[in-house]
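To keep things clear, I will list the structure first and then write my remarks on it.
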Amino acid sequence: MVGGLTKVGVLASGRGSNLGALLEQQRLGALGGEVVVVLTNRPDAPVVEVASKYDVPLFTIADPRGQTDASVLLKGHGVELVVLAGYDRILASEFVREWEGRMINIHPSLLPAFGGGLHAVRDALAYGVKATGCTVHFVTEDVDAGPIISQAAVPVLPDDDEARLAKRIREKEHQLLPEAVRAYAEGRLTVVGRRVVIEGSA
Ligand code: GRF
6 MVGGLTKVGV LASGRGSNLG ALLEQQRLGA LGGEVVVVLT NRPDAPVVEV
56 ASKYDVPLFT IADPRGQTDA SVLLKGHGVE LVVLAGYDRI LASEFVREWE
106 GRMINIHPSL LPAFGGGLHA VRDALAYGVK ATGCTVHFVT EDVDAGPIIS
156 QAAVPVLPDD DEARLAKRIR EKEHQLLPEA VRAYAEGRLT VVGRRVVIEG
206 SA
């Protein structure tokens, strides 16, 4: 930590709304961290515009599994916490091991339900659950199965389609992810086996 702010590196592939939520909290001085670099595997994705709007350096990585250039870029920017904010590729084991305990992910379901894929919202609707939500968790080699930091539930409404439900889930994500980054930055997260103890939370 330098000057009290944890240096955060974000990996993202899509719309970039979670990156935007992080950067907005940062702008308000409420993130406890500073997003110092964004890496993407999709240089045409809207997330590029989000990074540019907030003047955060963005790099396209040549190897989407993070085997070659991603760690070099993250370390070169002094990153202390990696946030996967809508990153759509499975990362190489070597990369995950290198950042284990220092890398978190946001997933659009209440894990362990509907983990392991890119269609969690569609799958939850198709299954007929009455509630789903989102989960922030530490990243381990088992996809979407690392220790859970926080979750928020979202009811499934009778007239929901995938887009409507995903939008309400994203609204929760935009609260949950910055809160998790802040708790990490403040040193309030302790992993005890599968449980994450958050100091200062009930
Ligand atoms: C989010 O729903 C997140 O849970 C999932 O990918 C989506 C990314 O959305 N992993 P955005 O690009 O942050 O808008």
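Going by this note's numbering, the first residue of the sequence shown is number 6, and it counts up by one from there. Cβ atoms here follow ideal geometry from the backbone N, Cα and C, with glycine treated the same way. Bear in mind the structure is a predicted one, so any value in this text is a computation, not a measurement.
Option nearest residue i by Cα separation, candidates the options
i: SER18; options: LEU36, LYS12, VAL43, GLY34; result: VAL43
i: ARG175; options: THR45, ALA125, LYS135; result: ALA125
i: ALA188; options: GLU178, VAL161, GLY205, HIS179; result: GLY205
i: ASP165; options: LYS135, VAL201, ARG199; result: LYS135
i: PRO160; options: LEU170, ILE153, PRO152; result: LEU170
i: PRO163; options: THR195, THR45, GLY133, THR140; result: GLY133
i: LEU10; options: PRO152, ALA75, LEU86, ILE153; result: LEU86
i: GLY91; options: LEU27, ARG193, ARG102; result: LEU27
i: ASN46; options: ASP60, LEU33, ALA67; result: ALA67
i: GLU191; options: VAL55, ASP93, GLY81, ALA35; result: ALA35
i: ILE203; options: GLY25, LYS172, ARG173, PRO152; result: PRO152
i: ALA131; options: PHE143, VAL141, ALA118, CYS139; result: ALA118
i: GLY14; options: GLU184, SER114, CYS139, GLY81; result: GLY81
i: THR137; options: VAL201, HIS112, VAL196, LEU24; result: HIS112
i: ARG70; options: GLU146, ALA129, VAL84, VAL55; result: GLU146
i: SER76; options: ARG94, GLU103, THR65, LEU33; result: GLU103
i: ALA129; options: ALA158, VAL141, ASN110, ARG107; result: ALA158
i: ASP93; options: GLY121, LEU79, LEU115; result: GLY121
i: VAL41; options: LEU33, GLN30, ASP60; result: ASP60
Boundaries of the alpha helix (DSSP H) in which residue i is found, first to last residue
i: ASN23; result: 22-32
i: GLY81; result: 74-81
i: ALA136; result: Careful: ALA136 lies outside any alpha helix (DSSP H), inside the beta strand (DSSP E) at 136-143.
i: VAL126; result: 125-132
Continuous beta strand (DSSP E) stretch holding residue i: start and end
i: ILE154; result: 153-160
i: VAL53; result: Note, VAL53: premise wrong, no beta strand (DSSP E); alpha helix (DSSP H) at 52-58.
i: VAL15; result: 11-16
i: VAL43; result: 38-45
i: VAL88; result: 86-89
Exposure of residue i, with buried meaning 16 or more beta-carbon neighbours within 10 Å
i: ASP149; result: buried
i: PRO48; result: exposed
i: SER155; result: buried
i: LEU123; result: exposed
i: LYS12; result: buried
i: GLU178; result: buried
i: MET6; result: With a pLDDT of 48 at MET6, under the threshold of 50, the modelled position of that residue is not reliable, and no figure is offered here.
i: PRO62; result: exposed
i: LEU89; result: buried
i: SER57; result: exposed
i: GLY37; result: buried
i: SER98; result: exposed
i: ALA168; result: exposed
i: ALA185; result: buried
i: LEU194; result: buried
i: VAL144; result: buried
i: LEU182; result: buried
i: GLU39; result: buried
i: GLY106; result: exposed
i: LEU33; result: exposed
i: VAL101; result: buried
Beta carbon proximity, residue i to chain C, threshold 7 Å
i: PRO48; result: In the displayed structure, chain C is absent; only one protein chain is listed.
Next item on the list: Quick one: which unbroken beta strand (DSSP E) runs of 3-plus residues sit fully inside the stretch 95-120? Chain order, please.
Entry: 108-112
Item checked: Segments of 4+ residues assigned as alpha helix (DSSP H) that fall wholly inside the stretch 161-199 -> 167-190
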